[in-house]
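For reference, the structure discussed in these notes is given below.
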Amino acid sequence: MRATQIVLVLFWLLCIHSPTLFCANVEYDHRALVIDGKRRVLISGSIHYPRSTPEMWPDLIQKSKDGGLDVIETYVFWNLNEPVRGQYDFDGRKDLVKFVKTVAAAGLYVHLRIGPYVCAEWNYGGFPLWLHFIPGIKFRTDNEPFKAEMKRFTAKIVDMIKEENLYASQGGPVILSQIENEYGNIDSAYGAAGKSYIKWAATMATSLDTGVPWVMCQQADAPDPIINTCNGFYCDQFTPNSNTKPKMWTENWSGWFLPFGGAVPYRPVEDLAFAVARFFQRGGTFQNYYMYHGGTNFDRTSGGPFIATSYDYDAPIDEYGIIRQPKWGHLKEVHKAIKLCEEALIATDPTITSLGPNLEAAVYKTGSVCAAFLANVDTKSDVTVNFSGNSYHLPAWSVSILPDCKNVVLNTAKINSASAISSFTTESLKEDIGSSEASSTGWSWISEPVGISKADSFPQTGLLEQINTTADKSDYLWYSLSIDYKGDAGSQTVLHIESLGHALHAFINGKLAGSQTGNSGKYKFTVDIPVTLVAGKNTIDLLSLTVGLQNYGAFFDTWGAGITGPVILKGLANGNTLDLSYQKWTYQVGLKGEDLGLSSGSSGQWNSQSTFPKNQPLIWYKTTFAAPSGSDPVAIDFTGMGKGEAWVNGQSIGRYWPTYVASDAGCTDSCNYRGPYSASKCRRNCGKPSQTL
């Protein structure tokens, strides 16, 4: 059995080959994508290559195919693939070409969403931090420095795909590409420059000559020939901006993302199936689940801020690659039913008629081919309807699918797939016998120094914004100040701190005085920390933390983080205050242990002899354990840890924060699928940690 080593870092006080040959020609008309001259009804699902391991990819893709998918959709992650300008990284989980080839080997198509802005609850929306420092740059607008970089990276990806003959026009699997991403949601903030930027982006993309169509999602004014597509929980009412373009749904949200401090969202499959059937009922021909497998935000890739390490998304295939039932099985049946209607769907437009209040029939009929969808969009009442001389029972908030206009093969509210809940078998960490440094607990540790400990620290008058200072090389920035206190020793005063977020620890003379954190809805915070000063020199060390960078919103790159003040000592003698904001502070980017490479577990003087440190901030912990046998998923339960980041064999498995507990309110024992779904409608795990595994 192979020995595996895990190194944990805790920074919170409160107690884890070559592709198959495909088509040669992809076009579109008003009904559908046209592949080699034939209109196609296509079911797609999102799987993001870096959110699972390459060893998982073949199984995830096969399970997607078995579930009835035709297409795999992925974003391209600029900050992952070009971490330093001009230096590319496509190794391991970052190997986009290998991922596309793996999809092709399973006989599925690919939709490549290049962006290169992706949102995706991904750090900085996928933009690399070095982009922020290019002189004169403004993101996602008619700005020459930005457009030059966006074009260069987009062309780099297109050229890579072309070099491997992976576009459908070359016999490869890639049938679609996307430029930009949900810009229409926020473009009004950019005014006329936003309009000209979108026209430029469309022209730039089409000039790259991929031989396949381009799309823009949530972009009602997408210029021809770009197809504008819909994202949302429901897209049946969506219409494209031209009667020459097909009705396409690039993101059908299968659940929702999880923030630290939030309850776990889920979406009932009856509602998801209803949304899918309604889309095809009303003329849609391409539908994608976001996500079909969500996966994991490894390393420091989660955005938000405050997005959890799990990106499970209540998807049909869960974070660990296990089929989620009944969601996967019921959707497979929906896909089968829709494919039985394909010949009728691609032949003509639907004729839509009312069968009564909140009742709707859509008929696709041409010659001898006929398919029908019967919908009851009422949120309460089941009904029996008369259609073409026959009676049909329609539960509330459901669609019945009749591939021959007579016989119901599926109703979206009737589930035939068995429910199944996967669970982990728990075993304690078994210490590797060969470990030389082991206390009675099996752990060894190193204390991270409080305050300034590195040679590259620097002084600066005033308070610095964090992201501009760290360039996101670390979650951590130390703000350090010495003051001469003329009052009495032991005097109680209050340290008032205002921060843009995301979290903070305050130390006075090397001792933790207090902490504060924002949340996923409000990153900024103000905190008043009672402190005791000594007569003479006092050291104030403030450790500011980011928890993933902003990934959405107009001008999100300008929002900032860290302690921008004011920082004030209140309640001094005679009621005076002392504003510390404009004093000369000393700054340190990151932690000494990060520079020493403690995350690898190998360097440094690990301590296993003295008392095991509990409930202390700024400790690096390490243990070794024997990997469980077999190939089932393995998780580590971080219950009992505070907040930090964890590595296994030197690879970061992400941030953990089991002490951040969801509110007691907002969860129900069961969730009524009937009626419009929203991100806050169905939640589990209230009053519990957002993520422990």
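Mapping the sequence shown onto the working numbering, position 614 (from 1) lands on 1344, and the numbers just tick up by one. We put the beta carbon where it would ideally sit given N, CA and C, even for glycine.
Setting aside the 5 residues that flank it on each side, Glu-785 has no residue in the same chain whose C-beta is closer than 7 Å to its C-beta. Closest in alpha carbon position to Tyr-1351, among Val-1224, Lys-1300, Ile-1176, is Ile-1176.
Non-local beta-carbon contacts of Gly-1405 in its own chain, meaning distances under 6 Å to residues more than five positions away in sequence, involve Thr-1109 in chain order.
Taking every protein chain shown into account, the CB of Phe-1117 has 16 or more other CB atoms within 10 angstroms, so this residue is buried. Residue His-841 holds the alpha-carbon nearest to the alpha-carbon of Gly-775 among Arg-1030, His-841, Phe-1036, Ala-1392. Remark: fewer than three beta-carbon pairs, one from each stretch, lie closer than 8 Å, so the segment 1325-1332 and the segment 1223-1231 are not flagged as touching. Classified as exposed, Asp-1134 has fewer than 16 neighbouring CB atoms from the shown chains inside 10 Å of its CB. By the Cβ-count criterion, Leu-1308 is exposed, with fewer than 16 other Cβ atoms from all chains shown falling within 10 Å of its own Cβ. Fully contained in the segment 789-875 are the following beta strand (DSSP E) runs of length 3 or more, in chain order: 801-805, 839-845. Bounds of any alpha helix (DSSP H) do not take in Met-1371, whose DSSP letter is neither H nor E. Boundaries cannot be given for Val-1139, as no alpha helix (DSSP H) includes it and DSSP labels it neither H nor E. Annotation for Tyr-1020: Ser-776, Glu-981, Trp-983 place their beta carbon closer than 6 Å to its own, counting only its chain and skipping 5 residues before and after. In this model, Ser-1210 and Gly-991 are separated by some 29 Å (Cα to Cα). At a Cβ-Cβ threshold of 9 Å, Ser-794 and Arg-843 do not count as neighbours.
Around the C-beta of Lys-831, 16 or more other C-beta atoms lie within 10 Å, and the residue is accordingly described as buried. In the DSSP assignment, Trp-930 falls within the alpha helix (DSSP H) that extends over 921-937. In the DSSP assignment, Arg-1008 falls within the unbroken alpha helix (DSSP H) covering 999-1011. The C-alpha of Pro-788 lies about 11 Å from the C-alpha of Lys-828. Ile-864 and Arg-815 have their C-alpha atoms some 10 Å from each other. In this structure, the straight-line span from the alpha carbon of Ser-937 to that of Ile-956 is close to 12 Å. Going by DSSP, Asp-1325 is part of no beta strand (DSSP E) but of the alpha helix (DSSP H) stretching over 1322-1326. Secondary structure of Arg-882 (DSSP, three-state): helix.
Secondary structure note for Trp-1058: it is in no beta strand (DSSP E), and the uninterrupted alpha helix (DSSP H) holding it is 1057-1070. In the DSSP annotation of this structure, Thr-1039 is not part of any alpha helix (DSSP H), being labelled neither H nor E. Under the 10 Å beta carbon count, Lys-1411 is surrounded by 16 or more other beta carbons and is classified as buried. Per DSSP, Gln-1381 is one residue of the beta strand (DSSP E) stretching across 1381-1386. The C-beta separation of Ala-1091 from Thr-1083 comes to about 5 Å, placing the pair in contact by the 8 Å criterion. Taken through DSSP and simplified to helix, strand or coil, Asp-1258 comes out as strand. Lys-768 carries a strand assignment under DSSP once its states are collapsed to helix, strand and coil. Judged by DSSP secondary structure, Ile-1349 falls within the beta strand (DSSP E) whose first and last residues are 1349-1356.
Here the C-alpha atom of Trp-1336 lies approximately 13 Å from the C-alpha atom of Pro-1343. Counting only runs of 3 or more residues that sit fully inside the segment 1196-1270, the beta strand (DSSP E) segments are 1206-1215, 1221-1229, 1233-1238, 1241-1247, 1255-1263, in chain order.
The beta carbon of Gly-767 sits closer than 8 Å to the beta carbons of Asn-755 from its chain, once the five residues preceding and following it are set aside; these are given in chain order. In terms of Cα proximity to Gly-1283, the closest of Val-764, Val-771, Ala-850 is Ala-850. For Ala-1105, the three-state secondary structure derived from DSSP is strand. Assigned with DSSP and collapsed to three states, Leu-906 falls in strand.
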